[in-house]
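Q: So that we are looking at the same thing, I have put the structure below in structure tokens.
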Amino acid sequence: MPGNDMLVEKPALTLAAAKKIMAAAETEALKQGWPVVIAVVDDGGNLLCLHRLDEAQFGSVEIAIRKATAAVAFKRPTKNWEESLNSGQQRVLGLPGVLPSEGGVPLVWKERIVGGIGVSGVRAHEDGQVARAGAAVLE
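Numbers 2 to 140, taken from our numbering, label the letters of the sequence shown in order.
So this is what it looks like as structure tokens:
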């Protein structure tokens with residue numbers, strides 16, 4: 002029988018939790034009148050929920066998913082990559098999976114990344130505001 006050093010236990014984001022995160026983000030977007038797309042992914046970047054609000058551009062669907070996935074893959078908000086690019090660090094454009102635009106936020110529970118939320122459709126800082134509202138559900 003394998004010892005405990007062979008496997009780790011980790012929390013997993015449930016669909017119920019993803020729906021609560023989505024609802025909080027959607028509430029913020031609707032309050033502001035922002036037509037956005039919101040994506041929630043698990044810790045492997047697999048899509049759990051996607052909402053495209055009325056009047057949201059369909060081009061934002063893939064961007065929201067990519068923001069959520071990038072936040073998980075690199076364990077940081079996509080705003081960090083945007084700030085790096087804005088400070089002249091062009092190398093970030095060549096990193097696979099990086100999306101240097103605010104709006105992707107890791108979902109953290111008890112100091113463990115359990116997923117990510119990505120928002121696209123309005124200005125980057127507004128996308129970020131909606132994403133943070135969703136992520137706050139786990140705080």
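Cβ coordinates follow ideal geometry from the N, Cα and C atoms, glycine included.
What's the call for M7, buried or exposed, on a 16-neighbour Cβ count within 10 Å?
A: The residue in question, M7, is exposed, as its Cβ has fewer than 16 Cβ neighbours within 10 Å.
Q: Between L100 and A136, what straight-line distance do the alpha-carbon atoms span, to the nearest angstrom?
A: About 18 Å.
Q: Which residues bound the beta strand (DSSP E) around D44?
A: Unbroken run through D44: none, as it is neither H nor E.
Q: Can you check which of these residues, E10, L16 and A30, is closest to R133 by C-alpha distance?
A: Answer by Cα proximity: A30.
Q: Apart from the five residues just before and just after A19, which ones in its own chain have a Cβ nearer than 6 Å to its Cβ?
A: Here the set comprises V41, L49 and C50.
Q: Among residues of its own chain, excluding the 5 on either side of A26, which ones have a beta-carbon nearer than 6 Å to its beta-carbon?
A: Answer for A26: I39, V131, A134 and G135, listed in chain order.
Q: Taking its Cβ as the centre, do 16 or more other Cβ atoms sit within 10 Å of S88, making it buried, or is it exposed?
A: Answer is exposed; the Cβ neighbour count stays below 16.
Q: How about G105 and A71: do their beta carbons lie closer than 7 Å?
A: Cβ distance < 7 Å, so G105 and A71 count as in contact.
Q: Answer yes or no: do K80 and I114 have a C-beta to C-beta separation smaller than 7 Å?
A: No; because the gap between Cβ atoms is not below 7 Å, this pair is not in contact.
Q: Specify, as a first and last residue, the run of the beta strand (DSSP E) that L16 falls within.
A: Segment L16 to Q33 is the alpha helix (DSSP H) holding L16; no beta strand (DSSP E) there.
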